[in-house]
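*Asks:* Take a look at the following structure, please.
Residue numbers (the UniProt record's numbering): 1 to 264.
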């Protein structure tokens, strides 16, 4: 159905081999200009009308952002920034939101993050939405803003997030971003798409350390108070991730199970 939004004549004559807009352009290069124009117009119409309930709409938006020229991409991201919260529960919606974070300007980024208010727990524990948080941690230079807008809610809901499959990934990524031990290569490849974006100016190591410093006290306290429960649940990798990477004082209590692992 993606083809319907790209070239009107494909409404009646579908090509089952076409999965993405790039597939369509490769197969029909002579129609590239028309495909781009129609897709751009349809995306703008969908966003203006607030049509976010169907995952097909998320797919259409994502596909346009993958081919958009800088001017049109910026326009669409600005239009979309208040609505990202409504689309990131689907695979393509999350990828569209990640592209919006990476290639949106600072105002776009902050508007997107502000829309997360009261929803951070839900996003952090979603199959697709949690990846958007990782994209933010990778690219948002204003780590104080991230702390106030996102970490405050993470810390307030730490018990639920730390015991959730995807929530643990979010917490682990703050402590050990781009870890090839903790994260699948496909996940890291998706996140690398945002590397070198034009709006992230701060040195990545400084950004990582600022976020790690911000979250560490809460994770150290959580581990200290809940290590027995975590062990009984088999969360040894998560425990080791905190011990290896969190900045804080464990008072030597948990050095024996993981000798030489934690950093001060």
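The beta-carbon is built from N, C-alpha and C at its ideal position, and this holds for glycine as well. These figures come from a predicted structure and were not determined experimentally.
What do you get for residue 3, buried or exposed, if any count of 16 or more other CB atoms within 10 angstroms of its CB means buried?
*Replies:* When all chains shown are included, residue 3 counts as buried.
*Asks:* Have a look at residue 84 and residue 245 and give me their C-alpha separation to the nearest angstrom.
*Replies:* Spanning the two alpha carbons is a distance of roughly 31 angstroms.
*Asks:* Are residue 127 and residue 173 close, meaning C-beta to C-beta below 8 angstroms?
*Replies:* Their beta carbons are not under 8 angstroms apart, which means residue 127 does not touch residue 173 by this criterion.
*Asks:* Take the Cβ of residue 184 as the centre, count every other Cβ of all protein chains shown within 10 Å, and call the residue buried at 16 or more, exposed below.
*Replies:* So residue 184 ends up on the exposed side.
*Asks:* Cβ of residue 39 less than 8 angstroms from any chain D Cβ?
*Replies:* In the structure shown, chain D does not exist; there is a single protein chain.
*Asks:* Using three-state DSSP, classify residue 120 as helix, strand or coil.
*Replies:* Three-state result, residue 120: helix.
*Asks:* Ends of the alpha helix (DSSP H) at residue 43?
*Replies:* Element bounds for residue 43: 32 to 49.
*Asks:* So, at 7 angstroms on beta carbons, what are the nonlocal neighbours of residue 111 in its own chain, with the 5 sequence-adjacent residues on each side left out?
*Replies:* Excluding sequence neighbours, residue 111 sits near 81, 82.
*Asks:* When the Cα atoms are used, what is the spatial distance from residue 97 to residue 229?
*Replies:* Distance between the alpha carbons of residue 97 and residue 229: 35 angstroms.
*Asks:* Keeping to the same chain, check which residues put their C-beta closer than 7 angstroms to that of residue 57; ignore five residues upstream and five downstream.
*Replies:* 46, 51.
*Asks:* Less than 8 angstroms between C-beta atoms, sequence neighbours within five positions excluded: which residues of the same chain meet that for residue 118?
*Replies:* Around residue 118: 153.
*Asks:* Specify the secondary structure class of residue 204 as computed by DSSP and reduced to three states.
*Replies:* In the structure shown, residue 204 sits in a helix (DSSP, three-state: H, G or I).
*Asks:* For residue 245, does the three-state DSSP call read helix, strand or coil?
*Replies:* Helix at residue 245.
*Asks:* Going by C-alpha distance, which of 104, 210, 180 is nearest residue 241?
*Replies:* Ranking 104, 210, 180 by Cα distance to residue 241 puts 180 first.
*Asks:* Less than 8 angstroms between the C-beta atoms of residue 133 and residue 150, yes or no?
*Replies:* In contact: residue 133 and residue 150 (Cβ atoms closer than 8 angstroms).
*Asks:* Take the Cβ of residue 140 as the centre, count every other Cβ of all protein chains shown within 10 Å, and call the residue buried at 16 or more, exposed below.
*Replies:* Classification for residue 140: buried.
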